[in-house]
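Start counting the sequence shown at 69; every next residue gets the next number (this note's numbering).
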Amino acid sequence: MTRRGKNEGVAMETVQDAYVRKTLSLDELFDQFIVSGTSMYTGGLHVPSAIIHELMARVADGRVEGIDIYGNWMNGDFDFKSLDVGPERFRYHTYFAGPNERAGFGTCVAHIPAHFSQVSALMRSVNPDYAVVQMTPPDARGMCNIGPLGFEPGSIRACKGIIAQVNSKLPRVFGDSHDFSIDEIDAFIVCDEDLEDIAVKPATSEERACAALIVDRIDDGDCIQLGIGGILNAVAEGLMSKRHLGCFTEMYSNALVPLQQAGVIDNSRNSYFPGRSVGGYSTGAARLYEFIDRNPEVYYCSYDTVTNPYCIAKNDNMVSINTAISIDLTGQVCAESIGSRQYSASGGQADFVRGARMAKNGRSFIAVTSVAHTRQGPTSKIVPMLASGSAVTTLRNDVQYVVTEYGVADLAFQDVPTRAKRLIAIAHPDFRDELTFEAKRLGLLY
69 MTRRGKNEGV AMETVQDAYV RKTLSLDELF DQFIVSGTSM YTGGLHVPSA
119 IIHELMARVA DGRVEGIDIY GNWMNGDFDF KSLDVGPERF RYHTYFAGPN
169 ERAGFGTCVA HIPAHFSQVS ALMRSVNPDY AVVQMTPPDA RGMCNIGPLG
219 FEPGSIRACK GIIAQVNSKL PRVFGDSHDF SIDEIDAFIV CDEDLEDIAV
269 KPATSEERAC AALIVDRIDD GDCIQLGIGG ILNAVAEGLM SKRHLGCFTE
319 MYSNALVPLQ QAGVIDNSRN SYFPGRSVGG YSTGAARLYE FIDRNPEVYY
369 CSYDTVTNPY CIAKNDNMVS INTAISIDLT GQVCAESIGS RQYSASGGQA
419 DFVRGARMAK NGRSFIAVTS VAHTRQGPTS KIVPMLASGS AVTTLRNDVQ
469 YVVTEYGVAD LAFQDVPTRA KRLIAIAHPD FRDELTFEAK RLGLLY
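If you want it as structure tokens, here you go:
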């Protein structure tokens with residue numbers, strides 16, 4: 069588990085010899101490295117599933133125990149709900165939940181509240197035994213690349229050692245610290261895996277109406293951050309009429325590729341990282357992976373940079389666009405839980421909201437359709453108070469524009485009664501009377 073500097077020691081043997089020497093079978097990997105009491109960082113999205121599946125099988129039958137995993141949103145078939153073995157045998161600590169994590173809460177999965185800008189610091193505080201991540205095969209220089217898939221380089225380097233699952237289907241990307249020397253890596257296993265996409269439903273008419281209101285407020289030359297979802301994909305489609313946009317975003321997604329291919333995003337006016345789109349990670353369709361593979365115009369940075377509010381604020385005309393689950397009448401935003409039930413996490417939302425507000429001519433949008441269609445019927449997403457136990461993802465002090473299909477509410481520097489009036493005005497008409505009554509009852513309107 070000894071970490072050495074890049075290229076140190078590689079000269080003593082050829083790249084191929086070093087690679088062959090460190091390449092193991094799964095059984096050898098677990099016999100030599102992943103034993104009882106091991107802690108590991110796995111990143112997120114397209115995790116090394118061959119290793120994780122083998123680990124879960126060994127935990128289930130008692131061959132290993134005392135395992136701690138730190139990561140987020142694992143794509144694929146991981147049945148954490150059925151791995152009900154108790155935290156002393158296996159615990160997955162996650163700072164962003166997807167479907168697999170949600171199913172495992174209450175058994176072996178536990179949530180860590182953290183902004184993405186804090187992830188490297190989180191891993192430094194834990195100092196796991198190994199980073200267990202996917203990488204490209206080594207190139208002629210002996211360098212492997214972690215690609216764009218959510219393996220945060222600062223977090224990898226916070227671990228005592230590195231285990232790489234080599235996947236030849238992984239795009240090789242340009243980045244500030246995305247290359248790792250063979251000499252830094254303790255062990256390899258080789259297992260090609262397809263890169264799954266995150267399914268996003270086509271935008272509804274309400275989502276397109278929200279998007280149109282945002283697009284009207286984006287100017288040529290602005291630098292944009294987009295999340296994922298129907299509204300945000302519709303925003304991207306609407307931006308085709310703009311010119312000279314920049315891109316500085318947590319997730320470089322499918323929706324951004326056509327904009328950059330068409331020259332709408334050219335990053336020519338960026339005040340920070342001019343000439344390059346900057347992202348923290350990507351997941352998407354084959355077209356996305358083909359576009360970013362060895363493309364110097366798309367540059368990946370550690371979360372310490374790309375979700376750091378002070379770095380975000382270096383972009384003049386920064387526009388942050390995100391979504392939410394619910395918003396109360398004072399402007400508090402919940403984007404990660406349904407009551408006390410964790411649904412996703414804060415990710416980089418609060419970081420980008422604050423960074424955009426700090427930027428010269430920056431703007432921040434929280435966009436939601438006005439109604440959620442639940443089992444109990446339609447429910448307003450604008451609520452008098454957040455449901456009991458709800459996480460406040462973005463503080464009301466930081467929120468600027470809230471958008472629904474009924475309009476835009478500017479909350480920046482507004483008093484509470486004004487905020488309540490403006491939010492009620494963009495709520496669904498069926499709920500406005502009830503919201504007004506509750507606002508008066510709570511003393512928000514008088």
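From the three backbone atoms N, C-alpha and C, an ideal C-beta is built for every residue, glycine too.
query	result
According to DSSP, is Gln-328 helix, strand or coil?	helix
Put Ile-250 into one of helix, strand or coil per three-state DSSP.	helix
Smallest Cα separation from Phe-505: which of Gly-218, Leu-397, Lys-449?	Leu-397
With a 10 Å radius around its C-beta and 16 neighbouring C-beta atoms as the bar for buried, classify Cys-125 as buried or exposed.	It should be noted that the sequence gives Ala, not Cys, for residue 125. Result: exposed.
How would you call His-441, buried or exposed, if buried means at least 16 neighbouring beta carbons within 10 angstroms?	exposed
Looking at the structure shown, is Phe-481 part of a helix, part of a strand, or coil, going by DSSP?	coil
Going straight from the alpha carbon of Gln-468 to that of Val-484, what length do you get?	13 angstroms
Taking buried to mean at least 16 other C-beta atoms within 10 Å of its own C-beta, is Gly-73 buried or exposed?	Note that Gly-73 scores 49 on pLDDT, short of 50, meaning its location in the model is unreliable; the coordinates nonetheless yield the value given after this. Exposed.
Three-state secondary structure (DSSP) at Ala-255?	strand
Is Ala-165 helix, strand or coil by DSSP?	coil
Tell me whether Val-332 is buried or exposed, calling it buried when 16 or more other Cβ atoms sit within 10 Å of its Cβ.	buried
Name the two residues that bound the continuous beta strand (DSSP E) containing Tyr-320.	First-last for Tyr-320: undefined, no H or E at that position.
Threshold first: 4 residues or longer. Then list the alpha helix (DSSP H) segments lying entirely within the region 211 to 284, N to C.	221 to 224, 273 to 283
Among Thr-462, Ile-360, Asp-466, Gly-430, which one has its Cα closest to the Cα of Phe-242?	Ile-360
For Cys-315, which beta-bridge partners are listed by DSSP?	Ile-292
Can you check which of these residues, Phe-158, Ala-171, Arg-240, Gln-84, is closest to Ile-120 by C-alpha distance?	Phe-158
Whole angstroms are fine: how far does the CA of Arg-311 sit from the CA of Gly-166?	35 angstroms
For a quick check, are the C-beta atoms of Phe-256 and Thr-91 less than 8 angstroms apart?	yes
Measure the alpha-carbon distance for Gly-423 versus Met-319 and round it to whole angstroms.	16 angstroms
What does Val-88 pair with, by DSSP beta-bridge criteria?	Beta-bridge pairing links Val-88 to no other residue.
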